[in-house]
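Protein chains in written order, with our numbering: chain L, 10 to 474; chain P, 207 to 268.
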């Protein structure tokens, strides 16, 4: 196989199973690319070449002996550095946790190891998954492969940047206010925030208990589906975990959208937070393309996007304060300024604020569920703007909150972001698909249809092609 | 709380145990407090008795 670094995880899994590709050779190719490109991109906080080589050798021996573990056996994967990997530090990209070596694997990492995946290292994030991009942290921020002077989105920024640059075919991210879907949008890859509770968060450093999700990031919809199939599952040790029997059947992605009722949430990007013209035009293109494939398009109305953002902010700040208060009292100097400011805000939220936000959340869940009685999947904006320069603080501050991802952290519905086109400046534009609870299948089916029609997921950042 | 009332913010910060942050990162504490004050009106109750309660449920009877 040529261009191993651009080969999908699904195809790599087949090639590894049939021994057309060796796990050791595949890893060597990825490590060579990481060594050459990551000094520009900073996707990694900690590359674990030695551990990955050992895992690849084990995979090679097992496959050769006929002990094939499944479609991830021997496939490299990167892990966001708020997720525990036994024996490696979980720094959360922060001075506060520099020496925190994980003793055990997070539940999702244990599932990956059982599946035979090869963990290549720990990936950049925003500090504690909310303070970034920042230049006052112990590690530099990740860069966007489409233009390394630009931000790659966050907080799963190393996951997005590394996937877009071909440093690994799969990654894990986390999403509390959009942190899987933001880098998916900015880097032109696929990021899925599953239904709240579908994937265990045990061993993942929390940001906000009732908003946190772990999910798959990949370059293709099929790969995101594959990774989700490995990491989903009930975990009694995660209080938010739920059992779901709604597995994704193998032909789901090929079914297309004929007859699917697609609810287009225009007001998010037309009136609530008016989007950049290129973003809006690309969303209309997606909608028209789905209609041309046989979907039925309906314009639908949800609560105002700004109200969702307010609820998310209060819940996030209050819950994050409950986690960080001891450190903010005793060692505020160990935080970067962005994280410090954002986390300190929780000290000024009141019990009244938090309870009001929870009450609002209930009405929002009801409103979204009511719309899902009329449609099968939602089409919405993800980012309202293309990514900007990473050192342009005023534009970052202005554009970062301009997004439509937080509503589905508030409600817990599954939501996927992927590429909708390229801006005139050659930067990824994005679209978001949202489904009913535990109906990841319809979200992925719709995304797969757009992937085939649009063809954008096959595009590569020119400087890294 | 007035968003610009520095004395009030100091009282709240100290009550939250943020004496060190107040001494060393006063601008960050002020910015955080003011951002919360600016957001607060967005969540005001319309009808306290009629709006839904926050979620709480117990598991089914064994």
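Beta carbons are placed, not taken as given, at the ideal position from N, Cα and C, and that holds for glycine. The structure displayed is predicted, hence computed values, not measured ones.
Enumerate in chain order the residues of its own chain whose CB-to-CB distance from residue i is below 7 Å, with the five nearest sequence positions on each side excluded.
i: residue 46(L); result: 174, 176, 473
i: residue 58(L); result: 40
i: residue 250(L); result: 206, 209, 243, 244
i: residue 211(L); result: 115, 116, 244, 246, 247
i: residue 14(L); result: 38, 39, 42, 175
i: residue 165(L); result: 89, 134, 182, 183, 188, 189, 192, 226
Going by DSSP in three states, residue i sits in which element: helix, strand or coil?
i: residue 422(L); result: coil
i: residue 213(P); result: helix
i: residue 226(L); result: strand
i: residue 55(L); result: strand
i: residue 232(L); result: helix
i: residue 443(L); result: strand
i: residue 249(L); result: coil
i: residue 437(L); result: strand
i: residue 207(P); result: Note that residue 207(P) scores 48 on pLDDT, short of 50, meaning its location in the model is unreliable; the coordinates nonetheless yield the value given after this. It is coil, neither helix nor strand.
i: residue 462(L); result: helix
i: residue 389(L); result: strand
i: residue 159(L); result: strand
i: residue 257(P); result: coil
i: residue 233(P); result: helix
i: residue 474(L); result: coil
i: residue 352(L); result: helix
i: residue 183(L); result: strand
i: residue 120(L); result: helix
i: residue 468(L); result: coil
i: residue 409(L); result: coil
i: residue 380(L); result: helix
i: residue 97(L); result: coil
Do you know how far the Cα of residue j is from the Cα of residue i?
i: residue 388(L); j: residue 274(L); result: 6 Å
i: residue 270(L); j: residue 386(L); result: 7 Å
i: residue 322(L); j: residue 276(L); result: 21 Å
i: residue 235(L); j: residue 338(L); result: 43 Å
i: residue 395(L); j: residue 170(L); result: 15 Å
i: residue 215(L); j: residue 341(L); result: 18 Å
i: residue 157(L); j: residue 194(L); result: 15 Å
i: residue 96(L); j: residue 457(L); result: 37 Å
i: residue 220(P); j: residue 230(P); result: 13 Å
i: residue 405(L); j: residue 106(L); result: 26 Å
i: residue 408(L); j: residue 224(P); result: 30 Å
i: residue 153(L); j: residue 466(L); result: 16 Å
i: residue 402(L); j: residue 180(L); result: 28 Å
i: residue 319(L); j: residue 244(P); result: 11 Å
i: residue 113(L); j: residue 78(L); result: 21 Å
i: residue 217(P); j: residue 247(P); result: 22 Å
i: residue 22(L); j: residue 80(L); result: 5 Å
i: residue 361(L); j: residue 260(P); result: 11 Å
i: residue 53(L); j: residue 172(L); result: 12 Å
i: residue 20(L); j: residue 228(L); result: 12 Å
i: residue 121(L); j: residue 94(L); result: 11 Å
Only counting the same chain, and skipping five residues up and downstream in sequence, which positions put a Cβ closer than 6 Å to that of residue i?
i: residue 326(L); result: 354, 355, 358
i: residue 328(L); result: 217, 218
i: residue 450(L); result: 257, 261
i: residue 447(L); result: 204, 253, 255
i: residue 201(L); result: 224, 225, 233, 425
The ligand FMN and residue i: does any heavy atom of the ligand fall closer than 6 Å to the residue's C-beta?
i: residue 73(L); result: With respect to small molecules bound, the structure shown includes none, and the ligand FMN cannot be examined in it.
Assuming residue i contacts residue j (C-beta within less than 8 Å), just tell me the rounded distance between them.
i: residue 258(P); j: residue 382(L); result: Actually they are not in contact, since the Cβ atoms of residue 258(P) and residue 382(L) sit about 18 Å apart, beyond 8 Å.
i: residue 376(L); j: residue 306(L); result: Contact flag wrong, Cβ pair sits at about 20 Å.
i: residue 91(L); j: residue 213(L); result: 6 Å
i: residue 127(L); j: residue 83(L); result: 6 Å
i: residue 240(L); j: residue 223(L); result: 7 Å
i: residue 454(L); j: residue 262(L); result: 6 Å
i: residue 426(L); j: residue 391(L); result: 4 Å
i: residue 452(L); j: residue 444(L); result: 4 Å
Do residue j and residue i come within 7 Å of each other at the CB atom, strictly closer than that value?
i: residue 136(L); j: residue 316(L); result: no
i: residue 69(L); j: residue 32(L); result: yes
i: residue 203(L); j: residue 399(L); result: no
i: residue 424(L); j: residue 441(L); result: yes
i: residue 459(L); j: residue 288(L); result: no
i: residue 66(L); j: residue 130(L); result: no
i: residue 291(L); j: residue 430(L); result: yes
i: residue 148(L); j: residue 102(L); result: yes
i: residue 139(L); j: residue 168(L); result: no
i: residue 178(L); j: residue 18(L); result: yes
i: residue 234(P); j: residue 350(L); result: yes
Beta-carbon within less than 8 Å of residue i's beta-carbon, same chain only, minus the 5 sequence neighbours each way: which residues are those?
i: residue 324(L); result: 217, 219, 220, 363, 366, 367, 370, 419
i: residue 334(L); result: 355, 356
i: residue 227(P); result: 219, 234, 235
Of all the residues that make up the segment 221 to 240 of chain P, which are near chain A by a beta-carbon distance shorter than 7 Å? No chain A appears in the structure shown, which is made up of the protein chains L and P.
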